[in-house]
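Have a look at the structure below, then the notes.
2 protein chains.
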Amino acid sequence: MLTTDQLLDKIRQAINQLPVYGDPAGLYEPISYTLNQEGKRLRPLLALLSAQTFGGNPDEALPAAIAIEIFHNFTLLHDDIIDEAPLRRGRETVYKKWNINTAILSGDTMFAIAYGQLSASNPSKLPALMKIFTQTAIEVCEGQQYDIEFETSGNVSIDSYINMIRLKTAVLLAASLKIGAITGNASKEDAYSIYRFGEKLGIAFQLQDDLLDAFGNETLFGKKTGGDILTNKKTYLYLKAIDVASAADAASLKDLYSRRNMNDEEKISRVLSIFRNADIEKLTERIIMDYYNEAIDELQKIKPSEEARAALKNIAESMLLRKK
Amino acid sequence: MLTTDQLLDKIRQAINQLPVYGDPAGLYEPISYTLNQEGKRLRPLLALLSAQTFGGNPDEALPAAIAIEIFHNFTLLHDDIIDEAPLRRGRETVYKKWNINTAILSGDTMFAIAYGQLSASNPSKLPALMKIFTQTAIEVCEGQQYDIEFETSGNVSIDSYINMIRLKTAVLLAASLKIGAITGNASKEDAYSIYRFGEKLGIAFQLQDDLLDAFGNETLFGKKTGGDILTNKKTYLYLKAIDVASAADAASLKDLYSRRNMNDEEKISRVLSIFRNADIEKLTERIIMDYYNEAIDELQKIKPSEEARAALKNIAESMLLRKK
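Below, the structure is given as structure tokens:
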């Protein structure tokens, strides 16, 4: 079995060889700029690890794995327009560095290039790969739409929030794993279990991100905390606090989230104090552990040996232990 | 052989059955709004006619034909943002009726739905269909990028303009025909000839559109003429006039195209008068006929009987005889 580093090398090489240079430069430069940013390559790594877990050849999963990575980066280009985000991984976002039209059109091209990579898969697997890839792409768009709608909705339930992060974040991790399972000739049951593993893990991962945004160590987290609070983002922390806090605290939390012209430090500190009163950090850690344990339960169901599963479990742990 | 009307019925039914309803409504309503606008359905019609020409079953070409139609409509959503177009087929464009973010995200979803349709094709044809579809999608983006760049470029050659409209408009018509050829088990040579037929026809079609925008009969053309002139669009007419007009006329044409605050009627009439001096209407008609004849030459190369070709020739003629 290849190590994580060896698999990451394969991913890096494949990305370096993508057809993302050439004319018109105004279209391709933003694409190579985006794909050359050293991300974690988490999704393609999960795909290759999953293929290996089921005894498949990681090379066979590589085209679909790269397709997922390109698709993920494409969604960032369009999301950054929608979220008006100036920075991504410490660098200017495409719509800021170029303009909105470029970010739209270069993003569209990336989506097509992603399918171009996918189509280099083994033809006998292509219909199944296209099905999961396309279903997932649509779900990610649905998740992003819910995210947009929740910004202005006064009535978001915890269930609908979890469903939103499932669609926006978790299904793509799940699909990465399923793609590996398909190329590794896993049984339908195993492919479903590994998908569910990724889905639960992805939800835990996003909840962890929400938690770190409020309570993380800034040095380890790699960015300033409190961003979600300042943008009035109704994360699990906020929704749970509205649920369990005293009536007075819930009211003042709602009030704080309706204000736009308040001193940043003061707003963060007042929201965090309400979160602390309601024990939100512990409650969030608890639900993260619940999803994590459900994920591991799914992983236990798959046929491959304990040894083969270990690599996936390691990744799962590292995803949740990060930045603490 | 089915008639054009029978084929259009199939297309209409397939579009009515698309999975473009449901939640989140904010994502799907703009999609059904777009797809329910009765367009000419020219691209899927070409695909089905082509399949039939090669003795294939139009039903087998239907998923890919619908994929092309959805893709085409998706590009309109994003192009209308880029071109700041308020109206399309007499109705408000999606970004105007909703907003830019919705037009971006609903468009992205349509792109995925297009591939979802494509993947319902016969699995043995899927790799070839994906290849032409993806290559074409990328080329259409390249064409749109060139179109954007030409707006601010002072130095556009006629060749690069023709290449731009080839990418932006012609290759999708060509791909529609090729998709029909693939599902009809055409030989490689025939598939290539029918592609070239579509490419040449598409260039003629776009040049005709440029011509009608300046010299068309407004009632038959269905919209006001002079739009390209008012937006200083460097079409074939403009580029050819710069080439062949007197030095004084060329200079004043350039000057007119640099002005923004001029009376509309006056600007149109002065530009048209320069076009007339340089015999641009006749010169454009000549190049349209050249491309049309090249298209028909390609059509003659394909193996199927004269009778089978007749339907495609009829469509080609009707595309160029429209609105005169």
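These protein sequence lines map, in sequence, to chains U and L. Numbered continuously in the working numbering, the first sequence closes out at residue 324. Numbered continuously in the working numbering, the second sequence closes out at residue 1324. The beta-carbon is built from N, C-alpha and C at its ideal position, and this holds for glycine as well.
Inset, instruction - Determine the contact status of Thr-1053 (chain L) and Gly-1198 (chain L), defining contact as a CB-CB distance below 8 Å. - result: no
Inset, instruction - Compare the beta carbon distance of Pro-30 (chain U) and Thr-102 (chain U) with 8 Å and say whether it is the shorter of the two. - result: yes
Inset, instruction - Would you kindly work out how many angstroms separate the C-alpha atoms of Lys-10 (chain U) and Phe-71 (chain U), rounded to a whole number? - result: 18 Å
Legend entry - Distance between Leu-48 (chain U) and Ala-181 (chain U) (C-alpha atoms, nearest Å): 9 Å
Legend entry - When U:Arg-260, U:Val-20 and U:Asp-190 are compared against Leu-299 (chain U), the one with the closest alpha-carbon: U:Asp-190
Legend entry - Neighbourhood of Gln-1208 (chain L) by C-beta, 7 Å cutoff - its chain only, sequence neighbours within 5 removed: Ile-1288 and Leu-1320
Inset, instruction - Whole angstroms is fine: what's the gap from Asp-1279 (chain L)'s alpha carbon to Val-1244 (chain L)'s? - result: 9 Å
Legend entry - Cross-chain neighbours of Pro-1024 (chain L) in chain U, by beta carbon under 8 Å: Glu-142, Gln-145, Tyr-146 and Glu-149
Legend entry - Contact with chain L by Thr-152 (chain U), beta-carbon distance below 8 Å: no
Legend entry - alpha helix (DSSP H) segment containing Asp-1023 (chain L), residue limits: That residue, Asp-1023 (chain L), is in no alpha helix (DSSP H); it is neither H nor E in DSSP.
Legend entry - Glu-84 (chain U) (DSSP reduced to helix, strand or coil): coil
Inset, instruction - Flag Ala-1191 (chain L) as yes if its beta-carbon sits less than 8 Å from any beta-carbon of chain U, otherwise no. - result: no
Legend entry - Best match in U:Ala-61, U:Gly-90 and U:Met-110 for proximity to Glu-38 (chain U) [C-alpha to C-alpha]: U:Gly-90
Legend entry - DSSP three-state assignment for Arg-91 (chain U), whether helix, strand or coil: strand
Legend entry - First through last residue of the alpha helix (DSSP H) which encompasses Leu-172 (chain U): 171 to 183
Inset, instruction - Pull up the CB-CB distance for Leu-1105 (chain L) and Arg-1088 (chain L), whole angstroms please, since I reckon it's below 8 Å. - result: About 18 Å separates the two Cβ atoms, so there is no contact after all.
Inset, instruction - Determine contact between the segment 114 to 129 of chain U and the segment 57 to 71 of chain U, defined as no fewer than three beta-carbon pairs at a distance below 8 Å. - result: yes
Inset, instruction - Compile a chain-ordered list of the residues in the segment 85 to 119 of chain U whose CB is closer than 7 Å to at least one CB of chain L. - result: Asn-101, Ile-104, Leu-105, Asp-108, Thr-109, Phe-111, Ala-112, Ile-113, Tyr-115, Gly-116 and Ser-119
Inset, instruction - Could you have a look at Ser-1305 (chain L) and say whether DSSP puts it in helix, strand or coil? - result: coil
Inset, instruction - Spell out whether any CB of chain L is found under 8 Å from the CB atom of Thr-134 (chain U). - result: yes
Legend entry - Buried or exposed by the 16-neighbour rule on C-beta atoms within 10 Å, applied to Ala-137 (chain U): buried
Inset, instruction - Just the C-alpha distance for Asp-1297 (chain L) and Gly-1143 (chain L), rounded to the nearest angstrom, thanks. - result: 25 Å
Inset, instruction - Ignore the nearest five residues each way along the sequence and tell me which others in Met-110 (chain U)'s own chain have a CB closer than 6 Å to its CB. - result: Ile-31, Ile-70 and Phe-74
Inset, instruction - For Pro-1030 (chain L), decide whether its Cβ has a neighbour in chain U, counting only Cβ atoms nearer than 8 Å. - result: no
Legend entry - Span of the alpha helix (DSSP H) around Gly-1202 (chain L): 1188 to 1215
Legend entry - Endpoints, the alpha helix (DSSP H) within which Val-271 (chain U) is located: 264 to 277
Legend entry - C-beta contact flag for Ile-194 (chain U) and Leu-177 (chain U) at 8 Å: yes
Inset, instruction - Specify the secondary structure class of Val-1244 (chain L) as computed by DSSP and reduced to three states. - result: helix
Legend entry - Exposure of Lys-324 (chain U), with buried meaning 16 or more beta-carbon neighbours within 10 Å: For Lys-324 (chain U), the pLDDT reaches just 46, beneath the cut-off of 50, and the residue's location in the model is therefore unreliable, although a value from the coordinates is still provided. It counts as exposed.
Inset, instruction - Express the C-alpha separation of Gly-1026 (chain L) and Asp-1108 (chain L) in angstroms, rounding to a whole number. - result: 14 Å
Inset, instruction - Please report how far the alpha carbon of Leu-18 (chain U) lies from the alpha carbon of Arg-41 (chain U), in whole angstroms. - result: 15 Å
Legend entry - Ile-11 (chain U) beta carbon near the ligand FAD (any heavy atom closer than 7 Å): Ligands in the displayed structure: none, and consequently the ligand FAD is not present.
Legend entry - CA-to-CA distance, Glu-1218 (chain L) to Ile-1179 (chain L), given in whole angstroms: 35 Å
Legend entry - Closer than 8 Å to chain U by CB, Lys-1131 (chain L): yes
Legend entry - C-beta neighbour in chain U for Leu-1063 (chain L), strict 8 Å: According to the sequence displayed, residue 1063 (chain L) carries Pro and not Leu. So, not an interface residue.
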